[in-house]
Ligand code: ARG
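Residue numbers (my numbering): 17 to 473.
Here it is in structure tokens:
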């Protein structure tokens, strides 16, 4: 057992207590951040005349050595240490002796871990933003080739009105672009440096917190209140909340792909590289990746709920409960980033069956609203037109045909306003192309929209 405290204890820690209390098995992933923060802290201590230049150099070389030895596999991080901070300090003292004992001057593990978590989360936020951009690019590439690929738009999973593949995918482009915006705004709001908060009440040493913040890329400077500095995990909750939303979007998209990939729809075919087979049914090619993405949404929500619950009863300032901010959050960060990468890959290799989508859009009375609009344009009040087309649809269901198949004389029995131009007015192309208000699927607005998407990328 290697721990940083013990002076005031008369008995050794119980073995099970030691294991229960330790965080090394999961906080070892903060090694980079811990060492980065420590090097800047030591440099600041030296600038402020708190440690000598020789001591600072020794600390710097020692810390660099620890990092490279761990990365080279020469120095394993074992569970004999309580946490990553103890591991680094103990190894530093082994390497450089007394100078190593000065590193923790003016610092507590409370502000140290607050810094490590913030640095780590910040880089995962950046990674998520990049992965979102890559996914938006994959979506954009499909959209730009499919502004005229007609497909049914659904409400209640019932065919509603025709749209295009570009338009449908544009909805996801919007969701992921909001997600990316959230990454940027969380990053901005969280970019304060907690180091120098000490255990909770700052320190009596003349620390230069501004220097440390600056060196570590915290453009908002040091955290303005030391008690908040050590006990704030809001940024992490915000990130978990934002990635829960990312997962929710990925899950909805996955659900659609699973439906579209089914034999009943066959709108898409997922590439072999992103599908799996069955151990018993030789014919199967399953959309497991989409299903797993949908399934993993639960664990990310779980991490959010877990941290919200952990934080809700904690009095100021640091309490050990906060060590629970790590395992599930790390899992959620890994999950969302893996899901984004895999989903992008699945999407960009997927084949869209344009003929199937278009054929499906011509069935199911997706042009019924347009038929009613036709009558409105010929002077029939909308509510009456709605009733007339409703009866016409009922007739077509009986006759097992589409509105487009009904001869003009028959149409005139439903409403004398029908003329020869009705067929053109309710063709798939017209239905889509006439929808040119902002946000609609018409080719013209879609092209303006695509230009904006390109700019956003
Ligand atoms: N392992 C701890 C954590 O993750 C580090 C901070 C410990 N601080 C303390 N006062 N025990 O929160």
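No residue lacks a Cβ here, since even glycine has one placed at the ideal position from N, Cα and C. The structure presented is a predicted model; accordingly, all values stated were derived computationally and were not measured.
In this structure, residue 303 keeps its C-beta atom at 8 Å or more from the C-beta atom of residue 259. The C-beta distance from residue 382 to residue 177 rounds to 5 Å, short enough to meet the 8 Å contact threshold. Beyond the five residues adjoining it in sequence on each side, residue 42 comes within less than 8 Å, by CB distance, of 342, 343 and 346 in the same chain, given in chain order. Here residue 245 is near residue 239, since their CB atoms are less than 8 Å apart. Distances from the CB of residue 334 to the heavy atoms of the ligand ARG include at least one below 7 Å.
A distance below 8 Å between beta-carbons, with the five flanking residues on each side excluded, links residue 294 to the following residues of its chain, in chain order: 300 and 302. Between the C-alpha atoms of residue 70 and residue 338 there is a straight-line separation of about 36 Å. The Cβ atoms of residue 263 and residue 355 sit closer than 8 Å to each other. The beta carbons of residue 58 and residue 85 sit no closer together than 8 Å. Exclusion of residue 207 from the 7 Å shell around the ligand ARG follows from its C-beta lying no nearer than that to any non-hydrogen atom of the ligand. For residue 349, the Cβ stays outside the 7 Å cut-off from all heavy atoms of the ligand ARG. A distance of 8 Å or more separates the beta carbons of residue 466 and residue 191. Restricting attention to 358, 105, 287 and 288, the CA atom closest to the CA of residue 308 is found in 358. A straight line joining the alpha-carbon of residue 422 with that of residue 412 spans about 8 Å.
For residue 33, the shortest C-beta to heavy atom distance toward the ligand ARG is 7 Å or greater. Under the Cβ criterion (8 Å, minimum of three pairs), the region 364-383 counts as touching the region 164-174. Judged by DSSP secondary structure, residue 171 falls within the beta strand (DSSP E) whose first and last residues are 166-171.
At least one heavy atom of the ligand ARG lies closer than 7 Å to the C-beta of residue 39.
Cα atoms of residue 88 and residue 463: separation of roughly 52 Å, rounded to the nearest angstrom. Less than 8 Å divides the Cβ of residue 64 from the Cβ of residue 224. Scanning the region 414-473 from its first residue to its last, no whole beta strand (DSSP E) run of 3-plus residues comes out. For a cut-off of 8 Å, the C-beta gap from residue 51 to residue 79 is around 5 Å, short enough to register as a contact. For residue 404 against residue 368, the beta-carbon gap comes to about 36 Å, at or over 8 Å, which does not count as contact. DSSP places residue 175 inside the beta strand (DSSP E), whose first and last residues are 174-180.
Within the DSSP secondary-structure output, residue 238 pairs in a beta bridge with 209. Shortest Cα-Cα distance from residue 102 to any of 290, 442 and 22 involves 22. Note on residue 200: under 16 other CB atoms within 10 angstroms of its CB, so exposed under the neighbour-count rule.
DSSP places residue 328 outside both helix and strand once states are collapsed to three, so it counts as coil.
Look at residue 246 here: in three-state DSSP terms it is helix. Along the length of the region 356-399, whole beta strand (DSSP E) runs at least 3 residues long do not occur.
For residue 373, same chain residues with a beta-carbon under 8 Å away, outside a window of 5 residues either side, are 165, 166, 167, 168, 181 and 283 in chain order. Under the DSSP assignment, residue 36 falls in the alpha helix (DSSP H) whose first and last residues are 31-37. Taking all protein chains shown into account, residue 470 has fewer than 16 neighbouring C-beta atoms within 10 Å of its C-beta and is therefore exposed. Taking 7 Å as the cut-off, the C-beta of residue 342 counts as close to a heavy atom of the ligand ARG. The shortest C-alpha to C-alpha distance from residue 20 to any of 81, 152 and 97 is the one to 97. Inter-residue distance for residue 127 and residue 237 is about 15 Å (C-alpha atoms, whole angstroms).
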